[in-house]
Every structure is written in C-alpha cells, then in structure tokens.
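Peer 1: Residue numbering for the sequence shown follows UniProt numbering, starting at 1 and increasing by one per position.
Here's a structure for you.
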Amino acid sequence: RPPPEVDRFCQRHLHDPVRVEVPPECLTFEGIRQFYVAVERAEWKLETLLDLFEITEHTPCLVFTNTRRKAVWVCEHLVQRGISAAALHLDLPPDRRDQLMTGVCQGSIRVVITTDPLVRVNLGQVPMIVNYDMPP
C-alpha cells in the first residue's frame, strides 16, 4: 500500500483514479529495485534528478516527461551541467532520431529524455528509468 501522501497526491491530481491492488510478490521482477523520491516543489525536481545522476555516475538512464517541451528543457539543463543527454521526441526528423539512438548505443549519450514509451523498446535494457513527471 502506498504511503498516505501518495494517496493524497493522486486524489488531488488524477481524474477518477482507480486503485489497482497487486500482491507484493508480483510487484517487481527479481533484481529490479524501485523507489520514489517525494519532491515537495516542482522547481526542485531538476536538482533532485542531478543529485540522482551524481550518485549513479556513468549509469545510462531513460527519463520520461509528459511534454516535448519539458523533455527539451530538462535536456538543455542537463547538458549545461555537463551531462551527456539528448531529448528524443516524435517531432525530430528520422535521421536525427537515428543519430541520437546511435549515440546512445555507442555510449556517447548517457541520458535520453523522452515522452515516447516506445523509445524504451528501441533502447533495450536500460539500467535506470526515471519518471520525471507523473504519467498522464
């Protein structure tokens, strides 16, 4: 069962939420660790993400945002802080998307920020996935 603050958050921000109870033994595949970080203010999210990247230095990561604009914004701020990142979204021309995917596969891009869940399929096994925004 989620902490009470998660329940309150869901009640405030979701329309007609539905609770799905899953037995604890079915929640996570073996070897996968999941956690959440309660960030009290939206403007602290970027710093929290940067802290996470500092702790998990060199770990490839996929970051999901709800909008293309947010993906580009997060990417710009990560690059300004010296993190090799790319915003990957459907508005990019196919050749640019291919170029970014090649960079990810070759290891020159550590962080991919996207709105597109299918990117996860194209990237294969990514050691770390972050939901920067609550899924819509």
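Ideal Cβ placement from N, Cα and C applies to all residues, glycine included.
Comparing alpha-carbon positions, which option in P17, I32, A38, R69 lies nearest E5?
Peer 2: Against the sequence shown, residue 5 aligns to sequence position 5. For the residues P17, I32, A38, R69, the minimum Cα distance to E5 belongs to A38.
Peer 1: Tell me the DSSP secondary structure of residue 169 in three-state form.
Peer 2: Because the chain here runs from 1 to 136, residue 169 falls outside it and cannot be looked at.
Peer 1: With a CB to CB cut of under 8 Å and the five nearest residues on each side skipped, what residues in its chain are close to P117?
Peer 2: Counted from its first residue, the sequence shown places residue 117 at position 117. Excluding sequence neighbours, P117 sits near F64.
Peer 1: Taking DSSP as the reference, what is the three-state secondary structure of L14?
Peer 2: For the purposes of this step, residue 14 is identified with residue 14 of the sequence shown, where counting begins at 1. In this structure, L14 counts as coil in the three-state DSSP scheme.
Peer 1: If contact is defined by three or more beta carbon pairs under 8 Å, each pair taking one atom from either stretch, is the stretch 42-61 in contact with the stretch 88-103?
Peer 2: Segments in contact, no.
Peer 1: Using the C-alpha atoms, what's the distance from Q11 back to S108?
Peer 2: The residue given as residue 108 occupies position 108 in the sequence shown. The residue given as residue 11 occupies position 11 in the sequence shown. Whole-angstrom Cα-Cα distance: 41 Å.
Peer 1: At a cut-off of 7 Å, is D133 close to the ligand NAD when judged by its beta-carbon and the heavy atoms of the ligand?
Peer 2: Here there are no bound small molecules, and the ligand NAD is not part of this structure.
Peer 1: Can you tell which of D95, P127, P94 has the C-alpha that lies nearest to the C-alpha of R110?
Peer 2: Position 110 of the sequence shown, counted from the start, is the residue given in the question as residue 110. If we check each option's Cα against that of R110, P127 comes out closest.
Peer 1: What residue range does the alpha helix (DSSP H) around V22 cover?
Peer 2: By 1-based counting over the sequence shown, the position of residue 22 is 22. Neither: V22 is in no alpha helix (DSSP H) and is coded neither H nor E.
Peer 1: Relative to the C-alpha of A86, which candidate in D133, V112, N66 has its C-alpha closest?
Peer 2: The sequence position of residue 86 within the sequence shown is 86, counting from 1. For A86, the nearest C-alpha among the options comes from V112.
Peer 1: T59: buried (16+ other C-beta within 10 angstroms of its C-beta) or exposed?
Peer 2: Translated into the one-based positions of the sequence shown, residue 59 becomes position 59. So T59 counts as exposed.
Peer 1: Could you name the residues of the same chain whose beta carbon sits closer than 7 Å to that of V72, not counting the 5 residues immediately before and after it, in chain order?
Peer 2: Here residue 72 refers to the residue found at position 72 when the sequence shown is read from its first residue. Correct list, in chain order: A87.
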